[in-house]
Amino acid sequence: MSHVITQACCGDASCVYACPVNCIHPTPEEPDFGIAEMLYIDPATCVDCGACVSACPVGAIFPSHRLPVGQERFAKVNAAQYQHPADWTARFPVDPSRRLPLAPIGHPHQLAVDERVSIGIVGSGPSAMYAADELLRQPQISVTMYERLDRPFGLVRFGVAPDHLNTRKVMRLFDDIARNPRLEILLHTEVGRDITLAELRSRHQGVIWAGGAPTDKPLTLPGIDHVGVSSATSFVGWYNGHPDFTDLDVDLSTERAVVVGNGNVALDVARILVADPESLAETSISQAALAELRRSNVREIVVMGRRGPLHAAFTLPEMIGLVDSGVAVTVDPADLDKASPAAHDLDMTLRAKLDLLAECAARPAPKGRRIRLAFFSSPLEVIAGQDGRACGLRIGRNRPVIDDAGVAAGIETTGETSVLDAGLILTSVGYRGIAVPGLPFDDARGVIPNAEGRVLSGADPVTGMYVTGWIKRGPSGFIGTNKTDSAETVSSLLADLESGRRLH
Ligand SMILES: Cc1cc2nc3c(=O)[nH]c(=O)nc-3n(C[C@H](O)[C@H](O)[C@H](O)COP(=O)(O)OP(=O)(O)OC[C@H]3O[C@@H](n4cnc5c(N)ncnc54)[C@H](O)[C@@H]3O)c2cc1C
Ligand SMILES: NC(=O)c1ccc[n+]([C@@H]2O[C@H](COP(=O)([O-])OP(=O)(O)OC[C@H]3O[C@@H](n4cnc5c(N)ncnc54)[C@H](OP(=O)(O)O)[C@@H]3O)[C@@H](O)[C@H]2O)c1
Ligand code: SF4
Ligand code: SF4
Numbered sequence: 006m007s008h009v010i011t012q013a014c015c016g017d018a019s020c021v022y023a024c025p026v027n028c029i030h031p032t033p034e035e036p037d038f039g040i041a042e043m044l045y046i047d048p049a050t051c052v053d054c055g056a057c058v059s060a061c062p063v064g065a066i067f068p069s070h071r072l073p074v075g076q077e078r079f080a081k082v083n084a085a086q087y088q089h090p091a092d093w094t095a096r097f098p099v100d101p102s103r104r105l106p107l108a109p110i111g112h113p114h115q116l117a118v119d120e121r122v123s124i125g126i127v128g129s130g131p132s133a134m135y136a137a138d139e140l141l142r143q144p145q146i147s148v149t150m151y152e153r154l155d156r157p158f159g160l161v162r163f164g165v166a167p168d169h170l171n172t173r174k175v176m177r178l179f180d181d182i183a184r185n186p187r188l189e190i191l192l193h194t195e196v197g198r199d200i201t202l203a204e205l206r207s208r209h210q211g212v213i214w215a216g217g218a219p220t221d222k223p224l225t226l227p228g229i230d231h232v233g234v235s236s237a238t239s240f241v242g243w244y245n246g247h248p249d250f251t252d253l254d255v256d257l258s259t260e261r262a263v264v265v266g267n268g269n270v271a272l273d274v275a276r277i278l279v280a281d282p283e284s285l286a287e288t289s290i291s292q293a294a295l296a297e298l299r300r301s302n303v304r305e306i307v308v309m310g311r312r313g314p315l316h317a318a319f320t321l322p323e324m325i326g327l328v329d330s331g332v333a334v335t336v337d338p339a340d341l342d343k344a345s346p347a348a349h350d351l352d353m354t355l356r357a358k359l360d361l362l363a364e365c366a367a368r369p370a371p372k373g374r375r376i377r378l379a380f381f382s383s384p385l386e387v388i389a390g391q392d393g394r395a396c397g398l399r400i401g402r403n404r405p406v407i408d409d410a411g412v413a414a415g416i417e418t419t420g421e422t423s424v425l426d427a428g429l430i431l432t433s434v435g436y437r438g439i440a441v442p443g444l445p446f447d448d449a450r451g452v453i454p455n456a457e458g459r460v461l462s463g464a465d466p467v468t469g470m471y472v473t474g475w476i477k478r479g480p481s482g483f484i485g486t487n488k489t490d491s492a493e494t495v496s497s498l499l500a501d502l503e504s505g506r507r508l509h
């Protein structure tokens, strides 16, 4: 017997520090921490003490004999990571573009400054909450948080899917942090509208911008502005009751919807569209979205990736959660056949993903609502009917480009095109940060330029200005990834306070 980490893991590493026998990896000190899709328990060394269970903020850890229905596969997933000696660097040779620039969590540091210090944080999402938690370890520091919405916690409230009940439990941890009397959260206060950044900087000795990446990466296509096309950013905001998206016009009278992109957000959107609305009724889903889903005629949701199965952006835990929750998922076996010939060299996570896709491809065609995972397909044009509404998507077929080592290094078009009928097209090609008036901005990456969280203007740090979360490193990573990220920013801020570099 041993304990097992399951789907909801958001990678905050609390369990690592709770475990008395160091059997949970990768740890934040190991180089693959920022890449791994979850953390894994070594069944051979776990002593079943249960300490990690109490430490986990999202209830992701279970004894192997008590795994919840649909999560049983995770016993194998955890064990598979320990089949070979623990060399985590060799274990995750994934796409370096997905590597997160993270420093390891530092050791607790006691600030050698006597007077009281006030820090402002813009935003109240995970990166803001983790930054506040780190800062409040110093008894001299008090924090004021500025949040533009009427409720705190950013994408944890308005992004995480309503059926991800365990993941949303991380809000309890944030509630605990928010109860600290030295933390004040000012809701309905948008920096740049209700208060200027200059005012903020005059109020506090340091300011951390943690405003996230609130918009979507644009997808430039002929016909993209037709009614019936939306971004996943808007659609997710709509079903989660985000005040900016309550008026979104969502028409689910169509039989087929297409989601462009195949990251975890695309899977969330597809799963909500395919779900039995009654299973969502007791969740935090918005009542307007629930009513629309009850009227829905959507039978098939096509989740479309431009690259092949080897480069699917969704993670293994999310794919397992989808398939083992009973959702009908179909895959064209021909797409799997085109996978790289070097597939036998894959790490365990990728191999398990391919095995799961092969399992889906081998199943008989489902009769009811289904999700179709389509690969090697690029969107070319949105086609509209006479009423001006989107009614289809022209798609270009791609094939993998195999390099000399036999690895699928990229894609190229085959020149074949086809039209997929669909009355709802959702673009889920990633989020994007927006420029903050008064701060430098890296327009190519959609982030505020920084070195270890210190905002940079050219090569020079902007005194007293810091950044964390998605607006610091770009829109990728799990909730817990922001903990390490914020620890890095806070440690830069504390070092600057000690050396006297601050606003006033
Ligand atoms: C659809 C979706 C689902 C996800 N699901 C999961 C999941 O299941 N599990 C998981 O581990 N990770 C998930 N993630 C990833 C996770 O949500 C992010 O890693 C995390 O929220 C990023 O934190 P952040 O603090 O940088 O940004 P955010 O969470 O976006 O927080 C930014 C906050 O700043 C506020 N703000 C912005 N500008 C201003 C301003 N000018 N003044 C005042 N306030 C401002 C915003 O209102 C917001 O509250 C999901 C992401 C998305 C998009
Ligand atoms: N449950 C969870 O843990 C959870 C849930 C939701 C989100 N998240 C996290 O939040 C982060 C953001 O997720 P995301 O899904 O928005 O982003 P993502 O993982 O970066 O996926 C973006 C997708 O869009 C595709 N894409 C980008 N540009 C495109 C273009 N021009 N044409 C066609 N396709 C294009 C990408 O394809 P290429 O790969 O070919 O570029 C990829 O499939 C991720 O780190 C994710 O893991 C986690
Ligand atoms: S049950 Fe105990 S020994 Fe096993 S992983 Fe959790 S903390 Fe470590
Ligand atoms: S969410 Fe955190 S504590 Fe829970 S299993 Fe994942 S890394 Fe460990």
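The sequence shown begins at 6 in our numbering and counts up by one. Built from N, CA and C at the ideal position, the CB exists for glycine as well.
- Nearest neighbour of Tyr436 by Cα position, chosen from Gly401, Ile476, Arg459, turns out to be Ile476.
- In this structure, the beta-carbon distance from Gln88 to Gly326 does not fall below 8 angstroms.
- Counting C-beta atoms within 10 angstroms of its own C-beta, Met6 has fewer than 16 neighbours from the protein chains shown and is therefore classed as exposed.
- Nearest in C-alpha terms to Pro454, of all of Ile416, Phe163, Gly401, Val472, is Val472.
- No Cβ-Cβ contact shorter than 8 angstroms links Gly474 with Gly211.
- Taking a cut-off of 8 angstroms on C-beta distances, the segment 456-467 does not touch the segment 229-247, as fewer than three cross pairs fall below it.
- Of Ala339, Thr335, Gly397, Asp392, the smallest CA-CA separation from Pro369 is found for Thr335.
- Take Gly125, set aside five residues on each side of it, and the residues of its chain with a beta-carbon closer than 6 angstroms to its own are Thr149, Leu205, His209, Val212, in chain order.
- Counting the other CB atoms within 10 Å of its CB gives Pro144 a total below 16, which places it among the exposed residues.
- DSSP places Ser123 in the strand class (E or B) of the three-state scheme.
- At least one heavy atom of ligand 2 lies less than 7 angstroms from the C-beta of Pro384.
- Ranked by Cα distance from Leu429, the options Glu195, Leu278, Val58 are led by Leu278.
- In the three-state reduction of the DSSP assignment, Asn171 falls in the helix class, which pools H, G and I.
- Its Cα nearest to that of Ala389, the residue Ile229 stands out among Cys61, Arg78, Ile229.
- Secondary structure of Asp337 (DSSP, three-state): coil.
- Under DSSP, Pro466 shares a beta bridge with Leu461.
- Nearest Cα to Cys396 within the set Ile484, Asn83, Leu253, Val424: Val424.
- Shown here, Ile182 sits in a helix according to DSSP, grouped into three states.
- Beta-carbon to beta-carbon, Val332 and Ile376 are separated by about 6 angstroms, close enough to satisfy the 8 angstroms threshold.
- The segment 124-168 is shown to contain whole alpha helix (DSSP H) runs of 4 or more residues at 131-140, 159-163, in chain order.
- In the three-state scheme derived from DSSP, where H, G and I count as helix and E and B as strand, Tyr45 is classed as strand.
- One Cα belongs to Ser382, the other to Ala318, and the distance between them is close to 14 angstroms.
- When C-alpha distances from Ser301 are compared across Arg261, Asp329, Gly401, the shortest belongs to Arg261.
- Between the beta-carbon of Leu154 and that of Leu192 there is about 7 angstroms, and that keeps the pair under the 8 angstroms contact cut.
- Relative to ligand 1, the beta carbon of Leu278 is positioned no closer than 7 angstroms to any heavy atom.
- Where Ile388 is concerned, the enclosing beta strand (DSSP E) starts and stops at 382-389.
- Here Ala413 carries a strand assignment [DSSP, helix/strand/coil].
- The Cβ neighbour count for Arg162, taken over all protein chains shown within 10 Å, is at least 16; the residue is labelled buried.
- Straight-line measurement puts the Cα of Asp340 at about 15 angstroms from the Cα of Leu355.
- In this structure Leu398 is in contact with Val263, their Cβ atoms being roughly 5 angstroms apart against a cut-off of 8 angstroms.
- When the beta-carbon positions are compared, Arg312 and Ile416 come within less than 8 angstroms of each other.
- For Leu431, the closest of Ser504, Gly242, Ile407 by C-alpha to C-alpha distance is Gly242.
- Set against 7 angstroms, the gap from the CB of Ile484 to the closest heavy atom of ligand 3 is not smaller.
- Of the other Cβ atoms in all chains shown, fewer than 16 fall within 10 Å of the Cβ of Cys54; this residue is therefore exposed.
- In the same chain as Gly505, and ignoring 5 residues on each side of it, no C-beta atom comes closer than 6 angstroms to its own.
- Comparing alpha carbon positions, the residue from Phe38, Leu140, Tyr151, Lys222 closest to Arg450 is Lys222.
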